Amino acid sequence: DKTSVVLIKNVGRKFVFSPDNTRLTDAAAIYDARSGARLRGLIVPPTKMLVTSPSWSPDGTRIVTGFQSDSGATNRKGMAVWDASSGEMLWNKPYPEQDRKSELVVAFSQDGKQLSARTATCAVSILAPASRPVSFPPVFRRMVWLC
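The working numbering numbers the first residue of the sequence shown as 162 and each following residue consecutively.
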């Protein structure tokens with residue numbers, strides 16, 4: 162059995178495999194896992210937006226990321242969901258003002274129906290549904306305290 166190493170240059174620090182192990186994302190683009198070829202970028206709005214902490218939906222059709230947007234006097238954090246086939250942002254939602262210091266860590270549940278987001282209060286918020294924009298205050302399913 163052959164083992165190969167693929168070098169991908171000029172990318173972010175964290176890679177995440179798609180559920181079928183054919184693609185990788187680093188929160189800026191999607192790559193072919195076998196060749197390392199860049200398949201498409203994530204289409205970021207024309208604002209200063211730092212995209213972090215990618216997580217694939219279980220079916221591989223969507224990617225959720227945290228983001229930090231610096232638009233003048235406001236520095237907002239939130240979550241965004243992307244279409245994995247086009248790289249287009251499906252929706253984004255800033256965290257509420259009281260959670261503006263929240264982590265940029267988000268993830269899909271194993272069934273793809275919920276999202277989790279780490280808040281500034283050391284809790285993980287389980288949000289639903291993951292298929293459409295989350296309204297704030299979000300629909301909380303439960304809280305998991307980490308501190």
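A virtual CB, placed ideally from N, CA and C, is assigned to each residue, including glycine. All figures in this text were calculated on a predicted structure; none of them were measured in a lab.
Open item on the list: On the criterion of 16 or more Cβ atoms from any shown chain inside 10 Å, does P206 qualify as buried, or is it exposed?
Closed with: The C-beta of P206 has fewer than 16 other C-beta atoms within 10 Å across all chains shown, which makes the residue exposed.
Open item on the list: Looking at the secondary structure, which residues open and close the beta strand (DSSP E) in which R213 lies?
Closed with: The sequence as given places Thr at residue 213; Arg does not occur at that position. Start and end: M210 to W217.
TODO: Would you mind sorting N253 into buried or exposed? The rule is 16 or more other CB atoms within 10 Å of its CB.
DONE: Flag for N253 reads buried.
Open item on the list: Do V225 and V242 have their beta-carbon atoms positioned less than 7 Å apart in this structure?
Closed with: Contact: yes.
Task: Element boundaries [beta strand (DSSP E), containing P255] - done: Residue range M250 to P255 is occupied by the beta strand (DSSP E) that includes P255.
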